[in-house]
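Below is one structure; the comments refer to it alone.
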DNA sequence: ACTGAGGCCTCTCGCAGCGAGAGGGTCAAG
DNA sequence: CTTGACCCTCTCGCTGCGAGAGGCCTCAGT
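Chains as they are written, first to last, in my numbering: chain A, 1 to 257; chain B, 1001 to 1257.
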């Protein structure tokens, strides 16, 4: 009739039995009655409430807030949803930026022109970029201006020629590095160190954000001041280079949403 | 020099001391040595490893996978990152959709004076609309709020989607409903019940997604088969019907101009 | 030698939303 | 009466730490 056990409600709602028990526990959806055997029995009202729960859950509201919304009719629903929207938007942006980071790096290193063009623009935040740019210059000096220029060009009006130049810069680093190390050049050599610094700047540009920025800046200081650290860093960075290069190649092959 | 305590590493990296201890616990980043006093001491190698950890963390990889990637050089890092990118993209899309849904709902709830709203309630005093809503809620209890939300959202969607089909469908329901109720037909009449079922289906179709879709389909079945449930549902849904009828009447009028 | 201010340590609980058992009653049908 | 399908109440596990509680270590100042 109008009485349903957990299992039935579970089938009806598509939720798991465990989930329904959980909702009971937290007071979100209590059964109409509980039999002496401990069985939970739900009535029509509970199903209707469950329907409302599902609606709000669909919007991504945390269960606790759903309960508040449903239990207190005077509760400011609009305000609640608005706050929630802010949270959601932030999350959405975060993920967009993560994807962007990958795609941008990809475009810079391996890039096969046109496909990545889209990725470069996607989710681009100019304010952050300016801030970041200032930091990069401050940190690495005017020597990295070339890459910033390239990036700016890429972002403002990305022309194939500019893109090619940008790409060429990376190809330059990469091939030089490979050649030098392949020829057995010592890591201490001025040439390799210069390449490392360029790579260093590139890595920073590609992913450093707070709090990583802090970490990177401080570690970079260590790098500058401590010969011991520098030696170790260079030994590790070599692997990092290869790794990133390989990774980016595969990203290039991966479909871009 | 080359030795750092947790606190120092924390400052360098921007992570919390607790986080570093956590990384130690899970074996992601162990100190170089642990003093007899139990103090954790980190060396340059650990800082470099930390840098790589931060890099991967920035990409959103779960700590466990970071560890695998860093600890097993033969591990297919690229494949790991590749699948991770897929996850990221999916998450990003999910959040975008949530925000969109919320925006629609919010816009509808708020009546933010957009064109749709105006068109929809043209010639209809917005104050009266709010009043009407309040009345509906008061009369039928806060339980109908979900209906109002759903309908408002649905209206937005309908407006943008295949409006014509909707309008034909709804005009049919609406005129029949108006006629029947205007003639004093009881809610229990088979005719009105059929109309309500159609409305029900419409609302469900307008926003149901899995698993809600399941819930709705099954609840609709209940509605069809269970008199008791039907009675309760109708008590709740009556408000929906009236509200929808009034709103859509004005909506239809606005479209006719 | 003593004291206070910071570090540092190891627990342990808590958060969201359940999944996945373990170990054991209950109900309807044959 | 038995079998199989359901139901129950624990309790741990997952993520990535935050937030204490309770207590030891170390260094600088008196």
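All residues carry an ideal CB built from backbone N, CA and C; glycine is no exception.
Start and end residues, alpha helix (DSSP H) containing residue 39 of chain A: Mapped onto the first chain, residue 39 of chain A falls at position 39. From DSSP, residue 39 of chain A is part of no alpha helix (DSSP H); its letter is neither H nor E.
Please compile the residues from chain A whose C-beta is within a distance smaller than 9 Å of the C-beta of residue 1005 of chain B. Residue mapping note: residue 1005 of chain B aligns to position 5 of the second chain, counting from 1. Going along chain A, no residue has its Cβ under 9 Å from residue 1005 of chain B, so there is no contact; the nearest lies around 15 Å.
If the cut is a Cβ gap below 7 Å, which residues of chain B does residue 91 of chain A touch? The residue given as residue 91 of chain A occupies position 91 in the first chain. Correct list: 1095.
Have a look at B:1041, B:1039, B:1070, B:1033 and flag the residue whose alpha-carbon is nearest the alpha-carbon of residue 1049 of chain B. Here residue 1049 of chain B is taken as the residue at index 49 of the second chain, counted from 1. If we check each option's Cα against that of residue 1049 of chain B, B:1070 comes out closest.
Shorter than 8 Å from the beta carbon of residue 1102 of chain B to some beta carbon of chain A? Residue mapping note: residue 1102 of chain B aligns to position 102 of the second chain, counting from 1. By this cut-off, residue 1102 of chain B is an interface position.
Kindly say whether residue 22 of chain A, judged by its beta-carbon, lies nearer than 8 Å to any beta-carbon of chain B. The count along the first chain starts at 1 and reaches residue 22 of chain A at position 22. Not an interface residue.
How would you label residue 26 of chain A, buried or exposed, when you count the other beta carbons within 10 angstroms and need 16 or more for buried? Taking the first residue of the first chain as position 1, residue 26 of chain A is located at position 26. Exposed, because fewer than 16 other Cβ atoms sit within 10 Å of the Cβ of residue 26 of chain A.
Does residue 1215 of chain B get closer than 8 Å to chain A when you measure Cβ to Cβ? Residue mapping note: residue 1215 of chain B aligns to position 215 of the second chain, counting from 1. The predicted model places residue 1215 of chain B with a pLDDT of 45, which falls under 50 and marks its position as unreliable, so this point remains unresolved.
Tell me whether the beta-carbon of residue 1002 of chain B lies closer than 8 Å to the beta-carbon of residue 1043 of chain B. Position 2 of the second chain holds residue 1002 of chain B. Position 43 of the second chain holds residue 1043 of chain B. Their beta carbons are under 8 Å apart, which means residue 1002 of chain B touches residue 1043 of chain B by this criterion.
May I ask you to list, following chain order, the residues of the stretch 16-43 of chain A that have a beta carbon less than 8 Å from some beta carbon of chain B? none
Within its chain, find whatever has a CB closer than 7 Å to the CB of residue 66 of chain A; leave out the 5 residues flanking it on each side and keep chain order. To locate residue 66 of chain A, count along the first chain from 1; it is residue 66. 28, 53, 56, 57.
Whole-Å CB distance - residue 1092 of chain B paired with residue 92 of chain A, under 8 Å assumed: Taking the second chain and counting its residues from 1, one reaches residue 1092 of chain B at position 92. Taking the first chain and counting its residues from 1, one reaches residue 92 of chain A at position 92. Rounded, the Cβ-Cβ distance is 7 Å, consistent with contact.
Span of the alpha helix (DSSP H), counted from its first residue to its last, around residue 1017 of chain B: One-based indexing of the second chain puts residue 1017 of chain B at position 17. That run of the alpha helix (DSSP H) goes 1017-1025.
Rounded to whole angstroms, what is the Cα-Cα separation between residue 30 of chain A and residue 12 of chain A? Locating residue 30 of chain A in the first chain gives position 30, counting from the first residue. Locating residue 12 of chain A in the first chain gives position 12, counting from the first residue. Rounded to whole angstroms, residue 30 of chain A to residue 12 of chain A spans 16 Å at the Cα level.
Please compile the residues from chain A whose C-beta is within a distance smaller than 8 Å of the C-beta of residue 1098 of chain B. To locate residue 1098 of chain B, count along the second chain from 1; it is residue 98. The contacting residues are 59, 60, 88, 92.
Whole angstroms are fine: how far does the CA of residue 64 of chain A sit from the CA of residue 40 of chain A? Position 40 of the first chain, counted from the first residue, corresponds to residue 40 of chain A. Position 64 of the first chain, counted from the first residue, corresponds to residue 64 of chain A. When rounded, the distance between both Cα atoms is 21 Å.
Using the beta-carbon count (16 or more within 10 Å), is residue 190 of chain A buried or exposed? Locating residue 190 of chain A in the first chain gives position 190, where the first residue counts as 1. Exposed: under 16 other Cβ atoms inside 10 Å.
Alpha helix (DSSP H) containing residue 72 of chain A: first to last residue? Taking the first chain and counting its residues from 1, one reaches residue 72 of chain A at position 72. Run containing residue 72 of chain A: none; DSSP gives neither H nor E here.
Show which residues of chain B have a CB atom less than 7 Å away from the CB atom of residue 67 of chain A. Here residue 67 of chain A corresponds to residue number 67 of the first chain, with the count starting at 1. What residue 67 of chain A touches in chain B: nothing, since even the nearest Cβ is about 13 Å away.
Beta bridge counterpart(s) of residue 1095 of chain B as assigned by DSSP: For the purposes of this step, residue 1095 of chain B is identified with residue 95 of the second chain, where counting begins at 1. Its beta-bridge partners do not exist; DSSP assigns none.
Alpha carbons only, please: which of A:84, A:95, A:21 is nearest the one belonging to residue 60 of chain A? In the first chain, residue 60 of chain A corresponds to position 60, counting from 1. Comparing Cα positions, the closest option is A:84.
Going by C-alpha to C-alpha distance, which of B:1087, B:1101, B:1086 sits closest to residue 89 of chain A? By one-based count along the first chain, residue 89 of chain A stands at place 89. Comparing Cα-Cα distances from residue 89 of chain A to each of B:1087, B:1101, B:1086, the minimum goes to B:1101.
How should residue 1087 of chain B be labelled, buried or exposed, when 16 other C-beta atoms within 10 angstroms of its C-beta is the threshold for buried? Counting from one through the second chain, the residue named residue 1087 of chain B turns up at place 87. Looking at its Cβ environment, which holds fewer than 16 other Cβ atoms inside 10 Å, residue 1087 of chain B is exposed.
Which residues DSSP lists as bridging residue 261 of chain A, in chain order: Residue numbering for chain A in the displayed model covers 1 to 257; residue 261 of chain A lies beyond these limits and cannot be assessed.
Taking residue 46 of chain A as the reference, give the member of A:97, A:8, A:99, A:98 with the closest Cα. Residue numbering aside, residue 46 of chain A sits at position 46 when the first chain is read from its first letter. Here the closest residue by C-alpha is A:8.
Could you compute how far the alpha carbon of residue 1097 of chain B sits from the alpha carbon of residue 33 of chain A? Position 97 of the second chain, counting from 1, holds the residue named residue 1097 of chain B. Position 33 of the first chain, counting from 1, holds the residue named residue 33 of chain A. Cα to Cα, residue 1097 of chain B sits roughly 38 Å from residue 33 of chain A.
Residue 1005 of chain B bridges to which residues according to DSSP? The count along the second chain starts at 1 and reaches residue 1005 of chain B at position 5. According to DSSP, which records beta bridges pairwise, residue 1005 of chain B is partnered with B:1041.
Hey, does residue 10 of chain A have any beta-carbon neighbour from chain B nearer than 8 Å? By one-based count along the first chain, residue 10 of chain A stands at place 10. Cβ-Cβ to chain B under 8 Å: no for residue 10 of chain A.
Residues near residue 24 of chain A by beta carbon distance below 7 Å, same chain, minus five either side: Within the first chain, the letter at position 24 stands for residue 24 of chain A. Correct list, in chain order: 30, 31, 40.
Quick check on residue 1099 of chain B: buried or exposed, where buried means 16 or more other Cβ atoms within 10 Å of its Cβ? Here the question's residue 1099 of chain B lines up with position 99 in the second chain. Buried, by the Cβ-count rule.
Can a CB atom of chain B be found closer than 8 Å to the CB of residue 63 of chain A? As a position in the first chain, residue 63 of chain A is number 63, starting the count at 1. No, its Cβ sits nowhere closer than 8 Å to a Cβ of chain B.
Can you list, in chain order, the residues of its chain whose CB lies under 7 Å from that of residue 10 of chain A, leaving out five sequence neighbours each side? Sequence index remark: in the first chain, residue 10 of chain A carries index 10 (1-based). The residues are 16, 17, 20.
If we cut at 8 Å on Cβ distances, does residue 84 of chain A have a partner in chain B? By 1-based counting over the first chain, the position of residue 84 of chain A is 84. It does; some Cβ of chain B falls within 8 Å.
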